[in-house]
Amino acid sequence: MACLLMTIGTVGHAACETGLAERMHAKLHAGRALDHERAVCQPWRGVNGRVIVVLPLPRPSSVPGFTQFDLDVLVVQQADNGNSERAAVVSRLFEPEALREYDVRISAIKVDTTRYMLAGDARAFGLRVLRQGTSRERPYSNETLSLYIPQGPKLAKVIDGLEVVLERGEWDANCAGSFETVRGNLSVARSTSQGYADLLLRQSRSETVSSAQGEACVTQERAATFNTQTLRYDGTVYRAARGSTPD
57 MACLLMTIGT VGHAACETGL AERMHAKLHA GRALDHERAV CQPWRGVNGR VIVVLPLPRP
117 SSVPGFTQFD LDVLVVQQAD NGNSERAAVV SRLFEPEALR EYDVRISAIK VDTTRYMLAG
177 DARAFGLRVL RQGTSRERPY SNETLSLYIP QGPKLAKVID GLEVVLERGE WDANCAGSFE
237 TVRGNLSVAR STSQGYADLL LRQSRSETVS SAQGEACVTQ ERAATFNTQT LRYDGTVYRA
297 ARGSTPD
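Here it is in C-alpha coordinates:
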(Lines of atoms letter the chains of each structure in order from A; the text may use other names.)
(Lines give C-alpha, C1' and ligand atoms only; values in the text may rest on other atoms or scores of the structure.)
Protein backbone atom coordinates (compact mmCIF):
# COMPACT_ATOMS: atom_id res chain seq x y z
CA MET A 57 0.00 0.00 0.00
CA ALA A 58 2.76 2.45 0.86
CA CYS A 59 4.35 2.04 -2.56
CA LEU A 60 1.23 3.65 -4.02
CA LEU A 61 2.74 7.03 -3.19
CA MET A 62 5.80 7.09 -5.40
CA THR A 63 6.48 10.23 -7.41
CA ILE A 64 6.84 9.54 -11.10
CA GLY A 65 8.97 12.11 -12.91
CA THR A 66 8.74 12.59 -16.66
CA VAL A 67 11.38 15.29 -16.96
CA GLY A 68 14.91 14.19 -17.72
CA HIS A 69 17.62 14.32 -15.10
CA ALA A 70 20.99 14.65 -16.77
CA ALA A 71 24.01 13.73 -14.73
CA CYS A 72 27.13 15.75 -15.46
CA GLU A 73 29.28 13.14 -17.16
CA THR A 74 31.15 15.85 -19.08
CA GLY A 75 32.52 17.35 -15.88
CA LEU A 76 30.80 20.67 -16.62
CA ALA A 77 29.24 20.91 -13.15
CA GLU A 78 32.57 20.21 -11.51
CA ARG A 79 34.27 22.86 -13.64
CA MET A 80 31.60 25.45 -12.83
CA HIS A 81 31.82 24.49 -9.16
CA ALA A 82 35.62 24.85 -9.14
CA LYS A 83 35.35 28.21 -10.87
CA LEU A 84 32.56 29.69 -8.73
CA HIS A 85 32.65 27.83 -5.39
CA ALA A 86 36.09 26.28 -5.01
CA GLY A 87 35.96 26.42 -1.22
CA ARG A 88 32.61 24.71 -0.81
CA ALA A 89 31.26 21.18 -1.04
CA LEU A 90 29.11 20.16 -4.00
CA ASP A 91 26.31 17.61 -3.78
CA HIS A 92 27.37 15.58 -6.81
CA GLU A 93 24.35 13.26 -6.58
CA ARG A 94 21.87 16.08 -7.15
CA ALA A 95 23.93 18.33 -9.45
CA VAL A 96 22.39 18.65 -12.91
CA CYS A 97 23.63 19.41 -16.42
CA GLN A 98 20.90 19.53 -19.05
CA PRO A 99 21.15 20.86 -22.62
CA TRP A 100 18.48 23.50 -23.15
CA ARG A 101 16.45 21.87 -25.89
CA GLY A 102 15.88 24.28 -28.78
CA VAL A 103 18.48 26.81 -27.59
CA ASN A 104 21.68 26.11 -29.49
CA GLY A 105 24.78 25.55 -27.37
CA ARG A 106 23.13 26.42 -24.07
CA VAL A 107 23.29 24.10 -21.05
CA ILE A 108 21.45 24.53 -17.77
CA VAL A 109 23.63 23.68 -14.79
CA VAL A 110 22.36 23.38 -11.23
CA LEU A 111 24.84 23.32 -8.35
CA PRO A 112 23.40 22.27 -4.95
CA LEU A 113 25.77 23.45 -2.21
CA PRO A 114 25.11 21.97 1.26
CA ARG A 115 25.54 24.33 4.20
CA PRO A 116 27.21 23.16 7.42
CA SER A 117 24.71 22.03 10.05
CA SER A 118 24.98 20.93 13.68
CA VAL A 119 21.53 19.30 13.63
CA PRO A 120 21.63 15.57 12.77
CA GLY A 121 19.68 14.78 9.62
CA PHE A 122 19.03 18.44 8.80
CA THR A 123 20.62 19.98 5.69
CA GLN A 124 20.12 23.28 3.93
CA PHE A 125 21.33 23.88 0.39
CA ASP A 126 22.31 27.02 -1.44
CA LEU A 127 21.47 26.66 -5.11
CA ASP A 128 23.39 28.16 -8.00
CA VAL A 129 21.37 27.99 -11.23
CA LEU A 130 23.39 28.71 -14.36
CA VAL A 131 22.81 29.04 -18.07
CA VAL A 132 26.09 28.12 -19.71
CA GLN A 133 27.21 28.64 -23.30
CA GLN A 134 29.24 25.72 -24.58
CA ALA A 135 32.17 26.28 -26.92
CA ASP A 136 31.53 25.39 -30.57
CA ASN A 137 33.95 22.47 -30.32
CA GLY A 138 32.20 21.12 -27.21
CA ASN A 139 35.19 21.77 -24.95
CA SER A 140 33.62 22.21 -21.51
CA GLU A 141 36.76 23.98 -20.24
CA ARG A 142 35.83 26.95 -22.47
CA ALA A 143 32.19 27.05 -21.37
CA ALA A 144 31.02 30.47 -20.15
CA VAL A 145 28.22 31.47 -17.79
CA VAL A 146 25.77 33.77 -19.60
CA SER A 147 22.98 33.98 -16.97
CA ARG A 148 22.95 33.08 -13.30
CA LEU A 149 20.94 33.17 -10.09
CA PHE A 150 22.48 32.28 -6.74
CA GLU A 151 19.81 31.33 -4.18
CA PRO A 152 20.97 31.09 -0.55
CA GLU A 153 19.15 28.53 1.62
CA ALA A 154 16.97 27.57 -1.34
CA LEU A 155 16.32 23.97 -0.27
CA ARG A 156 16.19 22.02 2.96
CA GLU A 157 15.70 18.43 3.99
CA TYR A 158 14.96 16.92 7.36
CA ASP A 159 12.14 14.40 7.67
CA VAL A 160 11.44 14.80 3.94
CA ARG A 161 14.33 13.93 1.64
CA ILE A 162 15.15 15.62 -1.67
CA SER A 163 15.16 12.61 -3.98
CA ALA A 164 16.07 14.45 -7.20
CA ILE A 165 16.46 17.80 -8.93
CA LYS A 166 15.43 17.86 -12.59
CA VAL A 167 15.50 20.45 -15.34
CA ASP A 168 12.29 20.98 -17.31
CA THR A 169 12.96 22.24 -20.85
CA THR A 170 9.31 22.38 -21.90
CA ARG A 171 8.82 25.30 -24.30
CA TYR A 172 7.56 27.92 -21.84
CA MET A 173 7.42 30.81 -24.32
CA LEU A 174 6.19 33.71 -22.18
CA ALA A 175 6.87 36.48 -24.70
CA GLY A 176 8.54 36.87 -28.08
CA ASP A 177 11.93 37.37 -26.42
CA ALA A 178 11.32 35.54 -23.14
CA ARG A 179 11.59 31.79 -22.97
CA ALA A 180 11.62 30.18 -19.54
CA PHE A 181 12.91 26.84 -18.30
CA GLY A 182 11.81 24.94 -15.25
CA LEU A 183 13.46 23.35 -12.26
CA ARG A 184 11.62 20.49 -10.58
CA VAL A 185 12.44 19.30 -7.08
CA LEU A 186 11.19 15.86 -6.02
CA ARG A 187 10.81 15.05 -2.33
CA GLN A 188 10.08 11.82 -0.50
CA GLY A 189 8.99 11.31 3.10
CA THR A 190 10.48 8.70 5.39
CA SER A 191 7.43 7.58 7.37
CA ARG A 192 5.87 4.22 6.45
CA GLU A 193 2.59 4.95 8.20
CA ARG A 194 2.31 8.45 6.73
CA PRO A 195 3.80 8.15 3.23
CA TYR A 196 4.39 11.44 1.46
CA SER A 197 5.96 12.71 -1.74
CA ASN A 198 5.68 15.87 -3.76
CA GLU A 199 7.13 17.69 -6.73
CA THR A 200 7.52 21.45 -7.09
CA LEU A 201 8.22 23.51 -10.19
CA SER A 202 10.08 26.82 -10.41
CA LEU A 203 10.43 28.86 -13.64
CA TYR A 204 13.43 30.98 -14.62
CA ILE A 205 13.85 33.54 -17.41
CA PRO A 206 17.28 34.78 -18.57
CA GLN A 207 17.48 38.57 -18.38
CA GLY A 208 20.96 39.42 -19.54
CA PRO A 209 23.53 38.17 -17.01
CA LYS A 210 20.83 37.45 -14.44
CA LEU A 211 18.12 34.82 -14.15
CA ALA A 212 14.71 36.02 -13.01
CA LYS A 213 12.78 33.48 -10.95
CA VAL A 214 9.17 34.10 -11.94
CA ILE A 215 7.62 31.04 -10.25
CA ASP A 216 8.97 29.74 -6.96
CA GLY A 217 8.17 26.21 -5.84
CA LEU A 218 4.73 25.68 -7.38
CA GLU A 219 3.46 22.28 -6.20
CA VAL A 220 2.54 20.16 -9.23
CA VAL A 221 2.42 16.71 -7.61
CA LEU A 222 1.29 15.76 -4.11
CA GLU A 223 0.90 12.18 -2.90
CA ARG A 224 0.17 11.53 0.76
CA GLY A 225 -1.76 9.27 3.06
CA GLU A 226 -2.11 7.71 6.45
CA TRP A 227 -2.69 4.04 7.22
CA ASP A 228 -2.20 1.40 9.89
CA ALA A 229 0.62 -0.33 7.94
CA ASN A 230 -1.71 -3.28 7.42
CA CYS A 231 -4.79 -2.17 5.45
CA ALA A 232 -6.95 0.63 6.82
CA GLY A 233 -6.13 4.11 5.61
CA SER A 234 -6.76 6.88 3.12
CA PHE A 235 -4.58 8.23 0.33
CA GLU A 236 -4.71 11.43 -1.74
CA THR A 237 -3.09 12.24 -5.07
CA VAL A 238 -3.03 15.70 -6.66
CA ARG A 239 -1.42 16.19 -10.06
CA GLY A 240 -1.01 19.42 -11.98
CA ASN A 241 0.05 20.42 -15.47
CA LEU A 242 1.28 23.91 -16.35
CA SER A 243 0.64 25.32 -19.82
CA VAL A 244 0.94 28.68 -21.56
CA ALA A 245 -2.30 30.57 -22.21
CA ARG A 246 -3.05 32.97 -25.07
CA SER A 247 -3.89 35.86 -22.74
CA THR A 248 -1.17 38.10 -21.26
CA SER A 249 -0.52 40.17 -18.14
CA GLN A 250 2.22 42.79 -17.82
CA GLY A 251 3.74 41.65 -21.12
CA TYR A 252 4.04 37.96 -20.29
CA ALA A 253 1.69 35.13 -21.18
CA ASP A 254 -0.68 33.90 -18.50
CA LEU A 255 -0.20 30.34 -17.31
CA LEU A 256 -2.86 27.69 -16.71
CA LEU A 257 -2.48 25.19 -13.91
CA ARG A 258 -4.81 22.25 -14.50
CA GLN A 259 -5.14 19.95 -11.50
CA SER A 260 -6.75 16.61 -10.78
CA ARG A 261 -7.40 15.24 -7.30
CA SER A 262 -8.19 11.62 -6.48
CA GLU A 263 -8.65 9.77 -3.20
CA THR A 264 -8.76 6.13 -2.15
CA VAL A 265 -9.93 4.65 1.14
CA SER A 266 -9.03 1.14 2.31
CA SER A 267 -10.59 -0.90 5.09
CA ALA A 268 -10.49 -4.44 6.37
CA GLN A 269 -13.61 -6.45 5.58
CA GLY A 270 -13.23 -9.86 7.12
CA GLU A 271 -9.96 -11.27 5.87
CA ALA A 272 -9.96 -9.02 2.81
CA CYS A 273 -8.57 -5.49 2.39
CA VAL A 274 -11.02 -3.54 0.25
CA THR A 275 -10.05 -0.30 -1.49
CA GLN A 276 -12.61 2.20 -2.72
CA GLU A 277 -11.68 4.93 -5.17
CA ARG A 278 -13.64 8.14 -4.99
CA ALA A 279 -14.49 10.15 -8.10
CA ALA A 280 -11.69 12.45 -9.19
CA THR A 281 -12.18 16.20 -9.24
CA PHE A 282 -10.64 18.67 -11.69
CA ASN A 283 -10.02 22.40 -11.69
CA THR A 284 -8.06 25.04 -13.57
CA GLN A 285 -6.30 28.04 -12.06
CA THR A 286 -4.85 31.02 -13.91
CA LEU A 287 -1.44 32.43 -12.94
CA ARG A 288 -0.75 36.03 -13.99
CA TYR A 289 2.53 37.92 -14.13
CA ASP A 290 2.54 41.03 -11.92
CA GLY A 291 5.71 42.56 -13.34
CA THR A 292 8.00 40.52 -11.06
CA VAL A 293 6.53 37.05 -10.44
CA TYR A 294 3.49 34.96 -11.33
CA ARG A 295 0.64 34.96 -8.84
CA ALA A 296 -2.54 32.92 -8.75
CA ALA A 297 -5.68 34.76 -9.80
CA ARG A 298 -8.48 34.59 -7.28
CA GLY A 299 -10.56 31.46 -7.38
CA SER A 300 -10.34 28.39 -9.61
CA THR A 301 -12.64 26.98 -12.26
CA PRO A 302 -13.95 23.39 -11.94
CA ASP A 303 -13.45 21.47 -15.18
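Counting in the numbering used here, the sequence shown tops out at residue 303, every number present.
Glycine included, C-beta positions come from ideal geometry on N, C-alpha and C.
query = Can you give the Cα-Cα distance for E93 and T74, rounded to whole angstroms?
reply = 14 Å
key: L201 and L218 closer than 8 Å at C-beta   = yes
query = Which term fits S295, buried or exposed, when burial requires 16 or more other beta carbons within 10 angstroms of its beta carbon?
reply = Ser is not the amino acid found at residue 295; the sequence shown has Arg there. By the neighbour-count rule (16 or more Cβ atoms within 10 Å), R295 is not buried but exposed.
Cβ distance (whole Å) where P195 is taken to contact R224 below 8 Å = 7 Å
request  = On a CA-only basis, which of N241, S262 and R288 is nearest Q250? Give me that one, please.
outcome  = R288
query = Does DSSP classify Q133 as helix, strand or coil?
reply = strand
request  = Please say whether E236 and E263 have beta carbons closer to each other than 8 Å?
outcome  = yes
inquiry  = Bridge partners for R224 per DSSP, in chain order?
reply    = Partner(s): Y196 and E236.
request  = Please report how far the alpha carbon of P152 lies from the alpha carbon of Y204, in whole angstroms.
outcome  = 16 Å
message = Please state whether the Cβ-Cβ distance between L76 and V109 is less than 8 Å.
response = yes
request  = Have a look at the DSSP bridge pairing and note the partners of Y158.
outcome  = Answer is none; Y158 lacks a bridge partner.
request  = Starting from R258, follow the beta strand (DSSP E) in both directions and report where the run begins and ends.
outcome  = For R258, the enclosing beta strand (DSSP E) stretches over residues Y252 to Q269.
ask   = How would you label D290, buried or exposed, when you count the other beta carbons within 10 angstroms and need 16 or more for buried?
value = exposed
query = Helix or strand or just coil, what does DSSP make of E153?
reply = strand
inquiry  = Along the chain, where does the beta strand (DSSP E) containing A95 start, and where does it finish?
reply    = Run containing A95: none; DSSP gives neither H nor E here.
Proximity to K210 [Cα-Cα], best of V119, R179, V146 and M80 = V146
inquiry  = Taking the beta strand (DSSP E) that R101 belongs to, which residues open and close that run?
reply    = Taken as a continuous stretch (DSSP letters only), R101 belongs to no beta strand (DSSP E), as it is neither H nor E.
message = Among V265, T292 and A272, whose alpha-carbon lies nearest the alpha-carbon of A279?
response = V265
ask   = Closest to Q188 by CA distance: which of T169, G182 and V221 is it?
value = Q188 has its Cα closest to that of V221, out of T169, G182 and V221.
Cβ neighbours of T169 in the same chain (closer than 7 Å, five flanking residues each side left out) = Q98, W100, R101 and F181
query = Excluding the five sequence neighbours on either side, which residues of its own chain have a C-beta within less than 7 Å of the C-beta of A95, listed in chain order?
reply = Excluding residues within five positions, the ones whose Cβ falls inside 7 Å are C72, A77, V110, L111 and P112.
task = Tell me whether the beta-carbon of R148 lies closer than 8 Å to the beta-carbon of D128.
result = yes
ask   = Bridge partners of D126, per DSSP?
value = L113
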